[in-house]
Amino acid sequence: MQKKTIQKRKKKTNKMIRSTIVSALFFLVLVIQAKDKPNILYIMADDHSAATVGVYQSHLKGFVQTPNIDRLANEGAFLTNVVCNNSLCAPSRASILTGKYSHKSGVYTLREHLNTANMQTLPKVMQKGGYQTAVVGKWHISGDNLHGFDFYAVT
0 MQKKTIQKRK
10 KKTNKMIRST
20 IVSALFFLVL
30 VIQAKDKPNI
40 LYIMADDHSA
50 ATVGVYQSHL
60 KGFVQTPNID
70 RLANEGAFLT
80 NVVCNNSLCA
90 PSRASILTGK
100 YSHKSGVYTL
110 REHLNTANMQ
120 TLPKVMQKGG
130 YQTAVVGKWH
140 ISGDNLHGFD
150 FYAVT
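In numbering that gives the first Met the number 0, the protein residues as written are 0 to 154.
Have a look at this one:
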């Protein structure tokens, strides 16, 4: 009788140990995934040239003071070779949102509508990757195009 009790206790102990190991591994995987997924903050400012942002040290460096943007650039990504495929805000935003040039997105000027309900967009892809998405501020794209954003407050 005592032998069976000892065997039952061993089985329970082994089961608890296995359960603890599985839980620890699961937690470890969550921690590793969290470390592998960086926070992403994309700021799109309208009508700025590189010369108007201090971190680029342009010919205007004596006049331009952008300490917060400079800090973001120094602590995050600092891009030095960027191309804008459309100089107008709405078509440029539509291209970033959809990954398509203006002739494919249909947004050429400030007047066209963009419907992204049945279209793959950057925020939808980010959501599938486990990110929360938001857009805040001047949007300037007409139409039903906020699909994929968890939060939005746009003008």
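Built from N, CA and C at the ideal position, the CB exists for glycine as well.
Because the structure is a prediction, the values reported are computed rather than measured.
Per DSSP, the continuous beta strand (DSSP E) segment holding Ala152 begins and ends at Phe150 to Val153.
By the Cβ rule, the stretch 102-113 counts as touching the stretch 78-90, because three or more pairs are nearer than 8 Å.
Residues Thr132 of the same chain have their beta carbon placed closer than 6 Å to that of Met125, with the five preceding and five following residues left out of the count. For the beta strand (DSSP E) assignment, the stretch 40-95 encloses no uninterrupted run of at least 3 residues. Cβ neighbours of Tyr151 within its own chain (closer than 6 Å, five residues either side excluded): Val134 and Leu145. The shortest CA-to-CA distance from Lys36 to any of Gly142, Gly147 and Tyr130 is the one to Tyr130. For the 8 Å CB-CB criterion, Gly147 and Lys123 form a contact.
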